[in-house]
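J.: Those letters in the sequence shown? Residues -28 to -1, 1 to 226, by mature numbering (1 follows the signal peptide of the UniProt record, and there is no 0). Structure below; questions to follow.
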Amino acid sequence: MPIILFQWSRWLLAVGLLLVACFTSAHPQDDVIISDIEMGPLQFQSTLAEAEYQAALKRQQQRKRNAMPWQQKFLLYTKAGVEHIIPKGLDHILFVLGLFFSTLALASLLWQVSAFTLAHSLTLVMAALGVVSVPANIIEPLIALSIVWVAIENCVFKQSTRWRPIVVFAFGLLHGLGFASVLSEYGLPKNDFLVSLLAFNIGVEIGQIAILLGAAILVWLIKNKSWYRFAIQIPASVFIATVGVYWFAERTVL
């Protein structure tokens, strides 16, 4: 008899949870799933269970973000943009450093950085609005090639060429699509959509400026030395190109 009562209680509990799921929010079971799993170490019996948990967690986080005031969302997405560059965006860091090692002239560097910023901001907004969509398995290898290109140019040309900002602009379009794929995984709130998008882009810019400032501080005292190009600029660019080649191979054939 106790066994029968126990079985019936389990069925009643299951039916009750099902009714709650039907008559509350679109995904009310998310909190149940997450709170139940997060009581201990994450151990899944199948990939399906893990996928269900991850989907529930993402929906729960999105609902929390939707409920935030816009000021809090702005800070949250600005932080996310910075973190996508530092420390998570190593490929974008190397690209920005590739721009830095292309010239000693501040005006030339500003032209390149401005072209890159304008381009990636454009495609980031377009992708976030659903105007353009390119699979990550296409974008990521092209981003790796963009790193190789700018680094090789640094070795071939002593100063950046007149067409360099145009090339950087084209590569910036690719990087913007890369930013967009990350942002789509993070999710944008339905309300305050533009505020959150702007904040993420500002965070990306803060990260890029931090990289450039850090590099400038490190080479400030030696940038005008006669040996700077052969001891610093070219070796650094060769290293950047080598990493880019490896990433391209990793993202295509490895």
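For glycine and all other residues, C-beta sits at the position ideal for the given N, C-alpha and C. Here the structure is a predicted model, which means the values were calculated and not measured.
1. Quick check for students: name the residue ranges of the alpha helix (DSSP H) that lie wholly in the stretch 105 to 134, counting only runs of 4 or more.
2. Have a look at His147 and Asn163 and give me their C-alpha separation to the nearest angstrom.
3. Within the stretch 58 to 113, note down every full alpha helix (DSSP H) run reaching 4 residues or more, in order along the chain.
4. Drop a sphere of 10 angstroms on the beta-carbon of Trp219, count the other beta-carbons inside from all chains shown, and report buried for 16 or more, exposed for fewer.
5. Do you know how far the Cα of Trp42 is from the Cα of Pro(-1)?
6. Between His56 and the rest of its own chain, which residues show a CB-CB distance below 6 angstroms, the 5 nearest in sequence each way excluded?
7. Return the first residue and the last residue of the alpha helix (DSSP H) that Ser198 is part of.
8. Can you give, in chain order, each stretch of the alpha helix (DSSP H) that sits fully within the stretch 145 to 209 and has at least 4 residues?
9. Return the CA-CA distance between Val191 and Ile174, expressed in angstroms with no decimal places.
10. Measuring CB to CB, does Leu94 end up less than 9 angstroms from Lys195?
11. Hey, out of Ser132, Phe151, Arg201, Ala203, whose CA is closest to Asp63's CA?
12. How big is the Cα-Cα spacing for Ala91 and Leu81?
13. Below 8 angstroms, how does it come out for the stretch 107 to 124 and the stretch 199 to 217: are there three or more Cβ pairs, yes or no?
T.: Judging by the given coordinates:
1. Fully contained in the stretch 105 to 134 are the following alpha helix (DSSP H) runs of length 4 or more, in chain order: 108 to 128.
2. His147 and Asn163: Cα-Cα distance of roughly 26 angstroms.
3. 62 to 72, 78 to 100
4. Residue environment analysis places Trp219 among the buried positions, since at least 16 neighbouring C-beta atoms fall within 10 angstroms of its C-beta.
5. Annotation note: pLDDT 42 at Pro(-1) (below 50); position unreliable, no value reported.
6. Val154
7. That residue, Ser198, is in no alpha helix (DSSP H); it is neither H nor E in DSSP.
8. 165 to 191
9. 26 angstroms
10. One thing to note: Leu94 has its Cβ no nearer than 9 angstroms to the Cβ of Lys195.
11. Phe151
12. 15 angstroms
13. Yes, the stretch 107 to 124 is in contact with the stretch 199 to 217.
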